[in-house]
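Input: a single structure, listed below in structure tokens.
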């Protein structure tokens, strides 16, 4: 069975500072991993995904994530936070049949 | 390309009443998903359809929840009777390929249900 743990339900960063959101997963098979963003009153939007190949994955809006098998982690980063990055972020792992198991989410607050 | 459409966006009902949600996936997408997102939690898959057949409904509370996708396009999710703990956002998503493909899932805006 797959599971996802996101460390920290809330993160506060200053505009221009590094954004780091932590995700650890458990999977009985080689994982496919995803990060989604959810803005208020909207559905989820895919930021990036790891399937196979390069372990550093670049996504939209300047985000990237690195797959570390030895640490079972897939942390999301952005070098410089922007006010528009305020949202909730979800890490997910794919199970059989393209089903996603999501973490509990991390809400990001960006301070001016 | 139009995205996943859901209606209504908001619904308030009293416990023991029934409610239905509607989803229109992206045109041509074979697979459709319904998720339940309780406040402060990540989405949880309720049911997955491939065309008009159910692939997985293992987490659907079948005593009160039902869903259908009769013509392999639109889908409805029904709750009857509703309980207080059903208060959540119900998200619909679709993906282009068959259930085994590693496809991006495209999400609708969700229906926020409040049960009083």
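Protein chains in written order, with the working numbering: chain D, 1 to 112; chain W, 113 to 228.
Even for Gly, the Cβ is constructed at its ideal location relative to N, Cα and C.
Mind checking residue i: buried by the 16 CB within 10 Å criterion, or exposed?
i	result
residue 121 of chain W	exposed
residue 71 of chain D	exposed
residue 87 of chain D	buried
residue 141 of chain W	buried
residue 148 of chain W	buried
Could you check how far apart the C-beta atoms of residue i and residue j are, in whole angstroms? I think they sit under 8 Å.
i	j	result
residue 144 of chain W	residue 161 of chain W	5 Å
Residue i by DSSP, collapsed to three states: which one?
i	result
residue 60 of chain D	helix
residue 97 of chain D	helix
residue 126 of chain W	coil
residue 206 of chain W	strand
residue 168 of chain W	strand
residue 216 of chain W	coil
residue 71 of chain D	coil
residue 228 of chain W	coil
residue 84 of chain D	helix
Check whether the Cβ of residue i lies closer than 8 Å to any Cβ atom in chain W.
i	result
residue 7 of chain D	no
residue 63 of chain D	no
residue 99 of chain D	yes
residue 55 of chain D	no
residue 51 of chain D	yes
residue 41 of chain D	yes
residue 22 of chain D	no
residue 103 of chain D	yes
residue 32 of chain D	yes
Would you say residue i reaches chain D, if we count a Cβ-Cβ gap shorter than 8 Å as a contact?
i	result
residue 169 of chain W	no
residue 189 of chain W	no
residue 198 of chain W	no
residue 155 of chain W	yes
residue 184 of chain W	no
residue 177 of chain W	no
residue 133 of chain W	no
residue 221 of chain W	yes
residue 226 of chain W	no
residue 203 of chain W	yes
residue 214 of chain W	yes
residue 139 of chain W	no
residue 148 of chain W	no
residue 160 of chain W	yes
Candidates the options: which alpha carbon is nearest residue i's?
i	options	result
residue 201 of chain W	W:135, W:151 and W:175	W:151
residue 107 of chain D	D:39, D:58 and D:51	D:39
residue 177 of chain W	W:186, W:195 and W:184	W:195
residue 84 of chain W	D:60, D:43 and D:101	Residue 84 of chain W lies beyond the range of chain W shown here (113 to 228); nothing can be said about it.
residue 163 of chain W	W:217, W:222, W:220 and W:208	W:208
residue 130 of chain W	W:184, W:221 and W:192	W:192
residue 61 of chain D	D:51, D:78 and D:67	D:78
residue 109 of chain D	D:85, D:21 and D:48	D:85
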